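Colleague: Quick one: this structure, given as structure tokens, is what I'll be asking you about.
Protein chains in written order, with our numbering: chain F, 24 to 912; chain V, 132 to 454.
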């Protein structure tokens with residue numbers, strides 16, 4: 024191909040190697056919808072894109088795929104020149120001119136190939152229909168150094184040897200694959216780079232990385248970066264976060280430049296994301312517009328002026344991004360709070376915190392709360408927090424969290440609430456994934472942020488000594504911001520009301536079925552959550568609640584309810600004592616208690632520490648809410664004795680929809696009686712979680728024989744087991760940077776697919792049977808775990824039970840893993856007598872158990888201490904039953 | 132239908148012959164000792180004897196071939212002579228005599244290289260990787276039997292996995308005998324999940340195979356109860372049925388497998404008669420998972436086991452109480 028690049032003499036012709044299925048498609052009579060122009064980075068070659076080539080060659084969705092080997096790379100010509108970024112962008116244009124490549128073209132890039140593909144994209148608006156990017160970067164934030172690994176590769180002492188003389192750079196890059204590359208794949212990536220003479224391009228590529236503004240390629244890179252916002256075509260970003268080079272901060276930079284891009288972060292994948300995960304599936308799904316009218320990305324029309332008219336957004340607008348219809352009337356979350364502050368009771372206590380000695384350590388009136396929120400909001404704004412800024416809050420529940428949370432909401436900032444219940448690793452992953460701009464935290468959180476490298480400008484809660492501030496890289500404190508932002512009494516803060524449909528919060532799932540997922544709520548959806556809680560549970564102004572459980576506790580001020588935080592380590596629910604609960608209740612004459620099941624267990628265990636006044640305070644409680652995990656009836660019965668006048672409720676829900684259904688102790692007993700009587704269709708086999716809450720719709724998609732829920736038609740017939748779907752104004756807006764997960768979750772239009780399985784009874788009550796991912800597919804039946812587990816747990820001498828499958832799907836052996844009372848000393852097969860009892864109990868519940876294993880304790884999640892990690896148990900049981908040594912699960 | 136059953140003096144062969152008689156078939160039995168199956172014509176003779184085999188197959192329409200040398204030890208040449216050459220001889224005679232259908236009764240060990248098996252179907256027989264002379268020769272025999280299959284001489288292989296029941300000397304009597312002498316350890320706590328087949332179920336599956344040749348000829352099918360159990364629990368069940376205390380001590384499976392190999396060698400070298408206390412084959416059987424996908428077997432045979440493991444153990448207990 025003739026070259027017009029500055030690196031070459033005029034008239035130079037280069038030989039390119041490329042993969043192109045165009046001729047093959049036309050031979051087979053297939054007309055492609057467009058062309059994918061795939062550009063590899065350093066030090067790979069077009070082989071990286073083989074899955075796209077295969078997918079594009081399928082007759083169902085033919086796309087021409089042109090995957091190039093850049094000059095001096097792969098099997099293309101070794102030119103003997105040093106080609107800079109501008110040359111390489113121009114080279115690609117020379118190639119597409121020579122190929123007479125016409126639109127629509129979607130560029131696909133990886134690593135520095137991403138920049139080159141974007142350079143081509145900006146230079147060819149007429150042909151361009153979309154861009155796909157995998158781990159790449161277009162901009163080095165000023166003032167921040169390039170990644171250490173690249174600094175090393177660029178170091179004069181290392182560069183030539185590391186990249187060219189030896190194959191170290193190749194080997195290191197290949198070693199970034201997660202999981203490791205198969206030997207034949209590794210060999211294929213090496214194939215074109217045997218010998219230093221073939222590796223000049225690898226070294227030159229590294230040397231062409233513009234580490235700072237003085238670099239010859241800096242201007243070209245800058246042109247690409249600054250051109251991106253004008254691209255105006257759909258974009259898809261597929262990212263492997265475990266990348267020492269193109270880390271999440273570059274993803275954040277790209278998202279800022281391409282705000283409409285669809286983003287999926289493959290948690291656990293790394294730099295070679297195209298090797299680590301299936302990217303062809305997502306790319307081709309994106310190209311069609313899943314479930315929409317099938318208009319391909321390339322279907323955009325080209326206007327007379329030659330500029331590409333953006334094709335329909337991908338996914339097509341036919342797919343609602345929301346489950347359920349948010350109401351049009353919208354009362355901001357903080358409005359009840361503001362009303363109370365302005366009203367006659369403005370000087371009454373609004374929020375309070377308890378000290379360990381039973382006294383109130385801190386409290387604010389409605390008026391003070393409102394003023395504090397305004398002051399902190401003002402201060403945050405002055406510190407640079409904007410509408411849409413992400414602010415990670417690492418502050419335990421209490422007055423400070425309430426103030427800063429509502430301040431952020433008022434500003435239109437997006438609060439990121441990741442809790443220690445995810446475990447250190449899970450928490451770290453979650454924070455990095457959400458990429459906050461600011462991190463507001465207590466000392467411990469800031470120290471963790473330093474050690475673990477969490478992103479975001481740091482703000483402490485309290486003023487810190489200067490040395491500590493420097494150590495933790497803390498810019499300011501909430502206290503300082505409040506001082507700076509406080510307004511003269513009587514002046515209203517000048518704050519624009521944020522868009523009700525803008526993101527307001529990112530919460531995290533507990534990660535019991537894989538890494539924790541970020542869940543995005545808008546202001547409107549948070550307000551709908553508050554309204555659902557208010558109507559379903561009757562909590563509003565006048566209510567006084569003890570907030571022993573974080574998610575609902577934060578709603579207190581929004582509900583107009585007085586809230587008090589008991590003295591406990593909120594990250595460890597088991598630390599709530601009966602005494603602390605009673606002290607908190609007494610302090611505000613509480614009517615409502617929120618507590619997790621684990622906290623309730625400890626309250627019962629410590630009930631002897633209660634004095635008479637404490638007992639009396641608890642006797643005045645009217646409503647107890649416990650959520651987060653199933654609450655067994657015997658536990659509730661014990662709690663009832665402690666709170667004799669309270670109505671006990673256990674709402675069911677998940678991070679993506681809080682709450683979905685509600686049930687009281689009386690209703691639980693009625694449901695149990697119906698199940699025992701055996702004459703009501705659908706009663707039994709699971710945990711009864713009651714009726715849908717106010718404004719929520721619930722249905723199921725029936726399970727198929729392979730244990731999946733492939734259909735799309737929600738049903739509510741009694742006794743039909745399926746994946747549970749919920750539609751409500753308070754369902755999540757979307758998953759955060761998990762485009763594929765989000766699409767899967769809204770596969771049934773208008774609904775959120777919960778990943779739980781269950782069924783209805785003829786009274787319309789929902790019975791939860793477990794997680795879809797935990798369904799066991801035995802040869803004769805699909806077994807949902809919960810029903811059999813409950814039957815097993817009713818046996819004497821048995822604690823928590825879990826039913827898992829081992830072996831291939833469709834012919835799995837059903838295995839019951841049980842805790843015994845007293846606990847077994849070590850894990851292994853159950854004694855024959857116990858095995859026989861467990862097997863018989865499960866048989867009565869409809870499950871044929873092959874093996875019974877005992878464990879000293881079940882592996883449970885940290886947040887709820889109740890959700891058994893069945894995936895892990897299944898892996899463990901598989902190893903034990905294969906004849907290995909029984910370690911701990 | 133005139134059916135020849137070879138090896139009918141054994142537990143399974145006798146069960147098959149009796150079931151065929153009950154079904155009203157004309158049954159001939161052929162083995163070295165009298166089979167004692169009421170209602171069947173009994174021929175005694177060896178599968179290694181050409182003339183005897185020709186006599187046995189004369190007039191048969193279908194053959195169920197169970198005769199084999201089943202043992203953990205012995206000379207390799209004996210296994211070859213009975214299991215491989217005997218099968219070849221029988222097939223040749225059967226084809227010459229115009230027999231239509233042959234069910235070759237095989238064993239899942241023909242495809243077992245010692246690794247754990249969890250929920251798979253019948254893998255191809257592999258004499259080179261099968262452990263021990265029995266498995267090796269059965270694998271070879273199965274391959275040559277299936278290779279003989281054609282539309283007018285239909286051959287299928289049925290592989291029942293660990294057959295047991297009242298009167299079983301291969302597994303039940305051994306287990307009880309050793310448990311009685313406190314010489315039965317559990318390997319790795321007896322956790323390995325294994326499939327077994329109650330003898331009546333194995334017999335009914337084999338007979339079903341003869342009736343379903345149009346669907347299964349040319350193939351091998353594994354047959355089991357489809358109720359895998361941890362091996363320790365099975366052994367305990369057998370011991371309870373026999374009125375013997377269950378094994379209560381455990382040794383690492385890896386140790387037993389190694390010891391088994393060693394004992395096999397020493398036992399054979401020392402020229403000891405009978406079965407050694409531990410063999411590598413036995414150690415593998417008792418310490419690694421062996422359970423199978425039974426869906427296709429059941430569909431193709433249009434068959435399901437009639438006797439559950441628990442029911443089988445109850446019958447076994449009845450058998451020992453009556454003794």
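Every residue, glycine too, gets a C-beta built ideally from N, C-alpha and C.
It should be emphasised that the depicted structure is a prediction, and the values quoted were computed from it without experimental measurement.
Any chance you could list the alpha helix (DSSP H) runs of at least 4 consecutive residues sitting entirely within the region 87-174 of chain F, in chain order?
Modeller: 108-121 and 135-146, all fully within the region 87-174 of chain F.
Colleague: Comparing the C-beta of residue 357/V with each C-beta of chain F, is any distance below 8 Å?
Modeller: It does: the Cβ of residue 357/V has a partner Cβ on chain F nearer than 8 Å.
Colleague: From residue 191/F to residue 179/F, what does the alpha carbon distance come to, in whole angstroms?
Modeller: Roughly 15 Å separates the two Cα atoms.
Colleague: Could you name the residues of chain V that residue 835/F contacts, counting a contact when the two beta carbons are closer than 9 Å?
Modeller: The contacting residues are 250.
Colleague: Report the residue ranges of all alpha helix (DSSP H) runs contained in full by the region 317-378 of chain V; include only those spanning at least 4 residues, in chain order.
Modeller: Segments of the alpha helix (DSSP H) lying fully in the region 317-378 of chain V: 330-342, 344-347 and 362-373.
Colleague: With DSSP as the reference, label residue 277/F as helix, strand or coil.
Modeller: In the structure shown, residue 277/F sits in a helix (DSSP, three-state: H, G or I).
Colleague: Can you list, in chain order, the residues of its chain whose CB lies under 6 Å from that of residue 385/F, leaving out five sequence neighbours each side?
Modeller: The residues are 376 and 422.
Colleague: What does the alpha-carbon distance come out to for the pair residue 464/F and residue 83/F?
Modeller: One C-alpha to the other measures close to 52 Å.
Colleague: Tell me whether the beta-carbon of residue 315/V lies closer than 8 Å to the beta-carbon of residue 234/V.
Modeller: Their beta carbons are not under 8 Å apart, which means residue 315/V does not touch residue 234/V by this criterion.
Colleague: From 119/F, 764/F, 128/F and 826/F, pick the residue whose C-alpha is nearest to that of residue 258/F; which is it?
Modeller: Comparing Cα-Cα distances from residue 258/F to each of 119/F, 764/F, 128/F and 826/F, the minimum goes to 128/F.
Colleague: When the Cβ atoms of the region 484-493 of chain F are set against those of the region 386-404 of chain F, are three or more pairs found closer than 8 Å?
Modeller: No, the region 484-493 of chain F is not in contact with the region 386-404 of chain F.
Colleague: Identify, in the order they occur along the chain, each residue of the same chain with its Cβ nearer than 7 Å to the Cβ of residue 528/F, setting aside the five sequence neighbours on each side.
Modeller: So the qualifying residues of the chain are 437, 438, 440, 544 and 549.
Colleague: For a test of the three-state rule: what should DSSP assign to residue 376/F, helix, strand or coil?
Modeller: Strand, per DSSP.
Colleague: Compare the beta carbon distance of residue 681/F and residue 722/F with 8 Å and say whether it is the shorter of the two.
Modeller: Taking 8 Å as the Cβ cut-off, residue 681/F and residue 722/F do not qualify as a contacting pair.
Colleague: Is residue 389/F near residue 369/F, with beta carbons less than 8 Å apart?
Modeller: Contact: yes.
Colleague: Quick one: which unbroken alpha helix (DSSP H) runs of 4-plus residues sit fully inside the region 218-281 of chain V? Chain order, please.
Modeller: If we require 4 residues or more, the alpha helix (DSSP H) runs fully inside the region 218-281 of chain V come out as 263-278.
Colleague: Taking DSSP as the reference, what is the three-state secondary structure of residue 692/F?
Modeller: Residue 692/F: helix per DSSP, three-state reduction.
Colleague: Applying the criterion that 16 or more other CB atoms from any shown protein chain within 10 Å of the CB defines a buried residue, is residue 677/F buried or exposed?
Modeller: By the 10 Å Cβ count, residue 677/F comes out buried.
Colleague: Let me make sure I understand the geometry here. Which of 248/F, 94/F and 53/F has the alpha-carbon closest to that of residue 141/F?
Modeller: Of the listed residues, the one whose Cα sits closest to residue 141/F is 248/F.
Colleague: Which one of 868/F, 839/F and 650/F has the shortest CA to CA distance from residue 701/F?
Modeller: With distances taken between Cα atoms, residue 701/F lies closest to 868/F.
Colleague: Whole angstroms is fine: what's the gap from residue 202/V's alpha carbon to residue 878/F's?
Modeller: Distance between the alpha carbons of residue 202/V and residue 878/F: 38 Å.
Colleague: Indicate the three-state DSSP secondary structure (helix, strand or coil) for residue 340/F in the structure shown.
Modeller: Low confidence applies here, because residue 340/F scores a pLDDT of 33, under 50, leaving its location unreliable and the question unanswered by this model.
Colleague: Examine chain F for any beta-carbon lying closer than 8 Å to the beta-carbon of residue 291/V, and answer yes or no.
Modeller: Not one chain F Cβ lies under 8 Å of residue 291/V.
Colleague: When the Cα atoms are used, what is the spatial distance from residue 750/F to residue 825/F?
Modeller: So the alpha carbons of these two residues sit roughly 30 Å apart.
Colleague: Classify residue 243/V as buried or exposed, calling it buried when 16 or more other Cβ atoms lie within 10 Å of its own Cβ.
Modeller: Label assigned to residue 243/V: buried.
Colleague: How many Å lie between residue 357/V and residue 422/V at the Cα?
Modeller: Straight-line Cα distance between these residues: approximately 8 Å.
Colleague: With DSSP run on the structure shown, which of helix, strand or coil describes residue 320/F?
Modeller: Annotation note: pLDDT 48 at residue 320/F (below 50); position unreliable, coordinate value reported separately. In the structure shown, residue 320/F sits in a helix (DSSP, three-state: H, G or I).
Colleague: Compare the C-beta of residue 851/F against all C-beta atoms of chain V and say whether one is closer than 8 Å.
Modeller: Answer yes: the Cβ-Cβ gap between residue 851/F and chain V drops below 8 Å somewhere.
Colleague: For residue 903/F, which of helix, strand or coil comes out of DSSP?
Modeller: Reduced to three states, the DSSP call for residue 903/F is helix.
Colleague: Run the CB neighbour count on residue 293/V, radius 10 Å, all protein chains shown included, and call it buried at 16 or more, exposed below.
Modeller: That one is buried.
Colleague: For residue 831/F and chain V, any beta-carbon pair shorter than 8 Å?
Modeller: Closer than 8 Å: yes.
Colleague: What residue does the beta strand (DSSP E) around residue 423/V start on, and which one ends it?
Modeller: 421-423 is the extent of the beta strand (DSSP E) around residue 423/V.
Colleague: Using a Cβ-Cβ cut-off of 7 Å (strictly less than) and excluding sequence neighbours within five positions of residue 911/F, which residues of its own chain qualify?
Modeller: Excluding residues within five positions, the ones whose Cβ falls inside 7 Å are 850.
Colleague: With burial defined as no fewer than 16 other Cβ atoms inside 10 Å of the residue's Cβ, what is the status of residue 224/V: buried or exposed?
Modeller: Result: buried.
Colleague: Taking 8 Å as the CB-CB limit, is residue 418/V close to chain F?
Modeller: Judged by the 8 Å Cβ criterion, residue 418/V is in contact with chain F.
Colleague: What distance in whole Å lies between the Cβ atoms of residue 104/F and residue 132/F, which are believed to be in contact at a cut-off of 8 Å?
Modeller: About 22 Å; that fails the 8 Å criterion.
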